[in-house]
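K.L.:
2 protein chains.
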Amino acid sequence: MLRIALDMDDVLADTHGKLVKIILKDFDTSLTEKDLNGASLRSLLHPKQYKKVVGVLNAPGFFRDIPVMKDAVEVVRELSGYYEIFVASAAMEFRNSLIDKFDWLDEHFPFIHWKNRVLCGDKSILKAHYLIDDHVFNLANFSGKGILFNAPHNLEDTRFDRVMNWKEVGERFLGNSRDRV
Amino acid sequence: MLRIALDMDDVLADTHGKLVKIILKDFDTSLTEKDLNGASLRSLLHPKQYKKVVGVLNAPGFFRDIPVMKDAVEVVRELSGYYEIFVASAAMEFRNSLIDKFDWLDEHFPFIHWKNRVLCGDKSILKAHYLIDDHVFNLANFSGKGILFNAPHNLEDTRFDRVMNWKEVGERFLGNSRDRV
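Protein sequences appear in the order of chains W and G. My numbering puts the first sequence at residues 31 to 211. My numbering puts the second sequence at residues 31 to 211.
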C-alpha cells in the first residue's frame, strides 16, 4: 500500500489564515488581508513584527484551535481507504505546539491513529512514497515524491507539482478509485 | 553520512529502572528488584497492576526526570561526529509524554538539534540506516538495520544483533573511527 505523509500547518490546518486574522487585529500595520495572502509573512513584515509572529507561534494554545482546511477531513478520510496515511508536522521548532497538535488531531482527525502521527523537525527522516507539504525546503529534503500544497509563501516555486486545495488532492490521488467505487 | 536513529525509553533513558523503583515502593507486590529486571513487567505483573503501570506512564511529569542510561551522553556525543544522529521515540502512545520528552532531551542531549528529534508511533516511518531500540516490534517494522538494545523484556530474542549497553554501541559504531582519531 502506498504511503502518503501529510503536513499539518497550511495543509491540514489553516495556520496562515489564523495568523492573518491576528496580524490585522493586533499588529500596527497598513497591510491588508489581500497583501498578507499574497506573499510570505516573513517577506511582508518588518523584522520586529515578524519576531512578534514567532512569539505568537510559541504561545501555548496557538495551535489548538486553528481552523481545519476546507475539505481536508473528508478527503483524508477517503484517502485512508486506499493509502497508508501519516501526519507529519515539523512541530519540534515550537515546544509548546506538541500537545496542542496532538489534541487538534484528536479533535479533527480522530481516525488517524497515534501510530500514524509524527512530530519531527527535518522531513528527510520520513519514509513515505508521497509528502504533501507547503514548504519547498521540506519537499527538497524528502526522499519520496513531493507535492506542493499552494500557500502564500510558495507561489513562485516551480520545482514541485502543485495542488491548490484538498479537492485537487482528492482528484489526484482518488480519481481512479472513485471511478471504481 | 550514515544515519542512526536512537530510541529513548530503555535506550537513552532508564525508564524501566524508574518503573521498578516505583513498583517496589508503591505497589503491593512480593516481586523483588531481581525479579522485575528478569522479564517484561507485563509478563510479571497481574493485569490490574500492569494497568496501574500504564497509569504511571500517562501521568504528566513521569518522563521528565528519568535517569540517563549509563555512558549514553558521552557515546552519543561521540557518534554525532561520525554519523547523522536522530532521536526517535514512539511517544504518541502517551500524550502527556510529549513535552516531558522534549524537555528531557534539552536537559541531557542539548546537542541534538530539534531538527533531529522525532516523536512518532510506528517506526516504519523512519528513514535511517540504523535503529537502536529495545523493542523487537519496532525493529521488525523498521526498514533499515535494527540493533536490539538489551532490556528485561527482550532477553529471549535472537532475531536482531544485540548490544548490552552504550559502551558496546560505541565499540560497534566507533571502533574504527576511534583508531583513526
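Think of the CB as a built atom: it goes at the ideal place given N, C-alpha and C, for glycine as much as any other residue.
1) Which value, in whole angstroms, describes the spacing of the CA atoms of L127 (chain W) and I129 (chain G)?
2) Should R125 (chain G) be flagged as near chain W, meaning a C-beta pair shorter than 9 Å?
3) Can you name the start and end residues of the beta strand (DSSP E) that V193 (chain G) belongs to?
4) Does DSSP put R147 (chain W) in a helix, in a strand, or in coil?
5) So that I know if they touch, is there some Cβ in chain W lying closer than 9 Å to that of D191 (chain G)?
6) Between which residues of its own chain and D39 (chain G) is the CB-CB distance below 6 Å, once the five residues before and five after are set aside?
7) Enumerate in chain order the residues of its own chain whose CB-to-CB distance from L35 (chain W) is below 6 Å, with the five nearest sequence positions on each side excluded.
8) Residues in its own chain within less than 6 Å of V211 (chain G) by CB, not counting five upstream and five downstream?
9) At a Cβ cut of 7 Å, what residues of the stretch 71–94 of chain W count as close to chain G, listed as they run along the chain?
10) Locate the beta strand (DSSP E) running through L161 (chain W), then write down its first and last residues.
11) Among W:D37, W:K82, W:Y112, which residue has its Cα nearest to the Cα of L49 (chain W)?
12) Mind checking if M122 (chain G) is an interface residue toward chain W, Cβ cutoff 9 Å exclusive?
13) Chain W beta carbons: is any one of them nearer than 9 Å to that of L149 (chain G)?
14) At least one CB of chain G closer than 9 Å to the CB of F167 (chain W): is that the case?
15) When you compare the CB of F141 (chain W) with every CB in chain G, is at least one pair closer than 9 Å?
16) Using a 10 Å radius around the Cβ and a threshold of 16 neighbouring Cβ atoms, would you call N88 (chain G) buried or exposed?
17) Skipping 5 residues on each side, what residues in its chain have a beta carbon closer than 6 Å to that of D163 (chain W)?
P.N.:
So, from the listed chains and residues:
1) By one-based count along the first sequence, residue 127 (chain W) stands at place 97. By one-based count along the second sequence, residue 129 (chain G) stands at place 99. Contrary to the premise, residue 127 (chain W) reads as Ser rather than Leu in this sequence. Taking the straight line from one Cα to the other gives about 9 Å.
2) As a working note, residue 125 (chain G) is residue 95 in the second sequence. Yes, R125 (chain G) counts as interfacial toward chain W.
3) Residue mapping note: residue 193 (chain G) aligns to position 163 of the second sequence, counting from 1. That run of the beta strand (DSSP E) goes 191–193.
4) Within the first sequence, residue 147 (chain W) is the residue found at index 117, counting from 1. Looking at R147 (chain W) - three-state DSSP - the assignment turns out to be strand.
5) Taking the second sequence and counting its residues from 1, one reaches residue 191 (chain G) at position 161. Answer no: the Cβ-Cβ gap between D191 (chain G) and chain W never drops below 9 Å.
6) Translated into positions along the second sequence, residue 39 (chain G) becomes position 9. Only T45 meet the Cβ criterion.
7) Residue numbering aside, residue 35 (chain W) sits at position 5 when the first sequence is read from its first letter. The question names Leu, but residue 35 (chain W) is Ala in the sequence shown. Around A35 (chain W): F116, A118, L156, A158, L161.
8) For the purposes of this step, residue 211 (chain G) is taken as residue 181 along the second sequence, with counting starting at 1. Confidence is the limiting factor: at V211 (chain G) the pLDDT is only 44, short of 50, which leaves the residue's position unreliable and the question unanswerable from this model.
9) none
10) Within the first sequence, the letter at position 131 stands for residue 161 (chain W). It spans 160–163 - the beta strand (DSSP E) in which L161 (chain W) sits, taken as one unbroken run.
11) The residue labelled residue 49 (chain W) in the question sits at position 19 within the first sequence. L49 (chain W) has its Cα closest to that of W:K82, out of W:D37, W:K82, W:Y112.
12) By 1-based counting over the second sequence, the position of residue 122 (chain G) is 92. Yes, because at least one Cβ of chain W sits closer than 9 Å to the Cβ of M122 (chain G).
13) For the purposes of this step, residue 149 (chain G) is taken as the residue at position 119 of the second sequence. Cβ-Cβ to chain W under 9 Å: yes for L149 (chain G).
14) In the first sequence, the residue the question calls residue 167 (chain W) occupies position 137. Answer no: the Cβ-Cβ gap between F167 (chain W) and chain G never drops below 9 Å.
15) Translated into positions along the first sequence, residue 141 (chain W) becomes position 111. Closer than 9 Å: no.
16) Taking the first residue of the second sequence as position 1, residue 88 (chain G) is located at position 58. Result: exposed.
17) Along the first sequence, read from residue 1 onward, the residue named residue 163 (chain W) stands at position 133. D37, L169.
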